[in-house]
Amino acid sequence: AQTVTQSQPEMSVQEAETVTLSCTYDTSESDYYLFWYKQPPSRQMILVIRQEAYKQQNATENRFSVNFQKAAKSFSLKISDSQLGDAAMYFCAYRSFRGGSEKLVFGKGTKLTVNP
Amino acid sequence: SQTIHQWPATLVQPVGSPLSLECTVEGTSNPNLYWYRQAAGRGLQLLFYSVGIGQISSEVPQNLSASRPQDRQFILSSKKLLLSDSGFYLCASEGTGRDQDGYTFGSGTRLTVV
Chain A
69 AQTVTQSQPE MSVQEAETVT LSCTYDTSES DYYLFWYKQP PSRQMILVIR QEAYKQQNAT
129 ENRFSVNFQK AAKSFSLKIS DSQLGDAAMY FCAYRSFRGG SEKLVFGKGT KLTVNP
Chain B
14 SQTIHQWPAT LVQPVGSPLS LECTVEGTSN PNLYWYRQAA GRGLQLLFYS VGIGQISSEV
74 PQNLSASRPQ DRQFILSSKK LLLSDSGFYL CASEGTGRDQ DGYTFGSGTR LTVV
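Line by line, the protein sequences are chains A and B. Going by my numbering, the first sequence opens with residue 69, and the numbers climb by one from there. Going by my numbering, the second sequence opens with residue 14, and the numbers climb by one from there.
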């Protein structure tokens, strides 16, 4: 079974600075999807960024980018120019490529604090 | 794009009382639907998922059950709540772009069993 590990329960960053959140996963599959979700204090889960494992190019979405290292099974999230609104829980998630009812497997999350 | 309606937003129920949480989806047809529970300070635990009307799969044995009476309706129930059922419950949908888009989540229900 796939597992997702986020080794940083909490992180903090100064406003306008850059922070990187770590995520590693374990799988025997070669094709899969990886996601980062943001959960602000409102508890609404918001998709931040996704990466297809067969794509070598790292995904980017505005200030958010990932460093996807397939061989190392690592999927870190970099937030540039951090803003106060970035403060939230961040969850890394894995999904099989096989389709059907494949569930998302989540890590336990990293709480990000942004200091003004 | 999909929209998920989940209610109620908060609920306080006594031990031994029944439970019914409802989730409806707009903007897609034949979605895969999921119920997750999030305990305080922890990640998301998958409780149930459904690939179609009347089709329910349970991930963990527990005091809860789920039903899918219509294509875009997913209900989480319990006949008698336990203190350990307290938590934050999230409904999620995976629509027609299911290979790529991850999930769309509802706004959640905070359940406190007293």
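Ideal Cβ placement from N, Cα and C applies to all residues, glycine included.
Next item on the list: Between the Cα of Gly40(B) and those of Tyr62(B), Ser14(B), Phe118(B) and Thr23(B), spot the shortest distance and give me the residue it belongs to.
Entry: Distance check between Gly40(B) and each of Tyr62(B), Ser14(B), Phe118(B) and Thr23(B) places Ser14(B) closest, using alpha-carbon atoms only.
Notebook entry, point to check: How do the segment 80-87 of chain A and the segment 131-150 of chain A stand: do at least 3 beta-carbon pairs fall below 8 Å, yes or no?
Noted result: By the Cβ rule, the segment 80-87 of chain A counts as touching the segment 131-150 of chain A, because three or more pairs are nearer than 8 Å.
Next item on the list: Look at Gln74(A) and Thr178(A) and say whether their C-beta atoms are less than 8 Å apart.
Entry: Contact flag set, yes.
Item checked: Pick from Pro21(B), Pro44(B) and Ala52(B) that is closest to Gly100(B), judged by C-alpha positions -> Residue Ala52(B) holds the alpha-carbon nearest to the alpha-carbon of Gly100(B) among Pro21(B), Pro44(B) and Ala52(B).
Checklist line | Length of the line joining the Cα atoms of Arg81(B) and Leu32(B) | finding: Answer to the nearest angstrom: the Cα atoms are 15 Å apart.
Notebook entry, point to check: Taking C-alpha atoms, which residue in Arg55(B), Gln83(B) and Tyr47(B) lies nearest to Ser71(B)?
Noted result: If we check each option's Cα against that of Ser71(B), Tyr47(B) comes out closest.
Next item on the list: Alpha carbon to alpha carbon, how far is Gln82(A) from Gln86(B)? Give it in angstroms, no decimals.
Entry: Cα to Cα, Gln86(B) sits roughly 43 Å from Gln82(A).
Next item on the list: Quick one: list the residues of chain B neighbouring Gln151(A), beta-carbon separation under 9 Å, in chain order.
Entry: Under the 9 Å cutoff, chain B gives no residues; its nearest Cβ is about 22 Å from Gln151(A).
Check: Which parts of the segment 20-89 of chain B are runs of the beta strand (DSSP E), unbroken and 3 residues or longer, counting only runs that do not cross its ends?
Finding: The DSSP assignment places complete beta strand (DSSP E) segments of no fewer than 3 residues inside the segment 20-89 of chain B at 23-26, 32-39, 45-51, 57-65, 68-71 and 78-83, in order along the chain.
Next item on the list: Pick helix, strand or coil for Ser97(B), following the three-state DSSP scheme.
Entry: Taken through DSSP and simplified to helix, strand or coil, Ser97(B) comes out as helix.
Check: Any heavy atom of the ligand NAP closer than 7 Å to the Cβ of Gly121(B)?
Finding: As presented, the structure is devoid of all ligands, the ligand NAP included, so that no description of it is given.
Notebook entry, point to check: Of all the options Ser142(A), Thr95(A), Val116(A) and Gln124(A), which has the alpha carbon lying nearest to the alpha carbon of Ser133(A)?
Noted result: In terms of CA proximity to Ser133(A), Val116(A) leads the group Ser142(A), Thr95(A), Val116(A) and Gln124(A).
Next item on the list: With DSSP as the reference, label Asp94(A) as helix, strand or coil.
Entry: Residue state, collapsed to three classes: strand.
Check: What residues of chain A sit near Leu89(B), judged by a beta carbon separation below 8 Å?
Finding: Close to Leu89(B), with beta-carbon spacing below 8 Å, lies no residue of chain A; the smallest spacing is near 16 Å.
Notebook entry, point to check: Which residues in the same chain have their Cβ closer than 6 Å to the Cβ of Val173(A), if we skip the five residues on either side of it in sequence?
Noted result: Cβ within range, chain order: Gln70, Val72 and Tyr162.
Next item on the list: Can you pull the chain B residues whose beta carbon is under 7 Å from the beta carbon of Met113(A), in chain order?
Entry: Contacts between Met113(A) and chain B, judged by CB atoms closer than 7 Å, involve Leu103 and Phe118 in chain order.
Item checked: Under 7 Å from the C-beta of Gly56(B): neighbouring residues of chain A -> For a Cβ distance threshold of 7 Å, residue set Phe159, Phe174, Gly175, Lys176 and Gly177 of chain A lies close to Gly56(B), ordered along the chain.
Next item on the list: Rounded to whole angstroms, what's the CA-CA distance from Val127(B) to Val38(B)? Just pull it up for me.
Entry: For Val127(B) and Val38(B), the distance between alpha carbons rounds to 30 Å.
Item checked: CB contact flag (Ala121(A), Tyr101(A), <8 Å) -> One thing to note: Ala121(A) has its Cβ within 8 Å of the Cβ of Tyr101(A).
Notebook entry, point to check: Would Ser140(A) be called buried (16 or more neighbouring beta carbons within 10 Å of its own) or exposed?
Noted result: According to the sequence provided, residue 140(A) is Ala. The question's Ser does not apply to it. In this structure Ala140(A) is exposed. Its beta-carbon is surrounded by fewer than 16 other beta-carbon atoms within 10 angstroms.
Check: In whole angstroms, what separates the C-alpha of Asp112(B) from that of Ser144(A)?
Finding: Here the model assigns Asp112(B) a pLDDT of 49, short of 50, so the residue's position is not dependable and the matter cannot be decided.
Margin query: Residues of chain B with CB closer than 7 Å to the CB of Phe103(A), please, in chain order.
Written below: Simply Gly115.
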